[in-house]
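K.L.:
Numbering (our numbering), first residue to last: 337 to 487.
Glycine included, C-beta positions come from ideal geometry on N, C-alpha and C.
Pasting in a structure now, in structure tokens, and then I'll have a few things to ask.
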Amino acid sequence: MDETREDLYRRHADDLVRFATGLVGPFDAPDVVMDAVMRAFLSPSWSGVGNHRAYLYRCVFNRARTHYRSALSRRVREQRAAVPATSEQSLPDLDVLEAVSRLSMRQRAVVVLTYWEDLTVEQVAGTLEISEGSVRRHLARARARLREVLR
């Protein structure tokens, strides 16, 4: 018998929230997951999906990216309104989590799955439905960016 949507959600919810937490932070992660899962379940393509787990991870990734972009735009607008254009701002010292939050969404997803979820390159590729070469490339770029930012 096929697994119901409710069963799928219950089985993967904790992992999806952990993944989303690494992408958007602990406060927004549950909302991102719920929105992504609901969109996935209501999608016309859901019935043709072969790997539901990978599809849900992909949906969470896409929803997190949209959430991150809108939050970033809002922050930029708020900072522009709050800080005069002539004011000089220096960047505060960054810790690792802050540095990771400055990576692109794809790089962040690969880093979270590789280091926090302890998945292999092959498993990350399967989870995000991208090639192993893409995973390696995103990891290499993320490491280079983190070295640069954390110096």
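1. Indicate whether the contact test is met: 3 or more Cβ pairs, each with one atom in the stretch 371 to 383 and one in the stretch 395 to 407, closer than 8 Å.
2. Pop quiz: Asp-461 and Ala-400 are said to be a contact at Cβ under 8 Å. What is the actual Cβ separation, rounded to whole angstroms?
3. Where does the unbroken alpha helix (DSSP H) through Gly-462 begin, and where does it stop?
4. Check this for me: beta carbons of Arg-481 and Leu-439, under 8 Å apart or not?
5. How is Ser-423 classed by DSSP in three states: helix, strand or coil?
6. Helix, strand or coil for Asp-351? Go by DSSP, reduced to three states.
7. Please list, in chain order, all residues of the same chain as Trp-382 whose beta carbon is under 7 Å from its beta carbon, the five residues on each side excluded.
8. How would you label Val-432, buried or exposed, when you count the other beta carbons within 10 angstroms and need 16 or more for buried?
9. How long is the line joining the alpha carbons of Glu-339 and Met-441, rounded to whole angstroms?
P.N.:
Answer, in terms of the structure:
1. Short answer: they touch.
2. Counting from 1 along the sequence shown, the entry for residue 461 is found at position 125. Counting from 1 along the sequence shown, the entry for residue 400 is found at position 64. Sequence check: residue 461 is Ala here, not Asp. With a beta-carbon spacing of about 18 Å, Ala-461 and Ala-400 fall beyond the 8 Å limit used to define contacts.
3. Counting from 1 along the sequence shown, the entry for residue 462 is found at position 126. First-last of the alpha helix (DSSP H) with Gly-462: 457 to 464.
4. As a position in the sequence shown, residue 481 is number 145, starting the count at 1. As a position in the sequence shown, residue 439 is number 103, starting the count at 1. Against a cut-off of 8 Å, the Cβ pair of Leu-439 and Arg-481 comes out as a contact.
5. Taking the first residue of the sequence shown as position 1, residue 423 is located at position 87. In this predicted model, Ser-423 has a pLDDT of only 49, less than 50, meaning its place in the structure is not dependable; the value taken from the coordinates is given anyway. Correct three-state label for Ser-423: coil.
6. Sequence index remark: in the sequence shown, residue 351 carries index 15 (1-based). Assignment of Asp-351 by DSSP, reduced to helix, strand and coil, places it in the helix class.
7. Taking the sequence shown and counting its residues from 1, one reaches residue 382 at position 46. Excluding sequence neighbours, Trp-382 sits near Ala-376.
8. By one-based count along the sequence shown, residue 432 stands at place 96. Burial call: exposed.
9. For this step, residue 339 is matched to residue 3 along the sequence shown. For this step, residue 441 is matched to residue 105 along the sequence shown. If you draw a straight line from the Cα of Glu-339 to the Cα of Met-441, it comes to about 30 Å.
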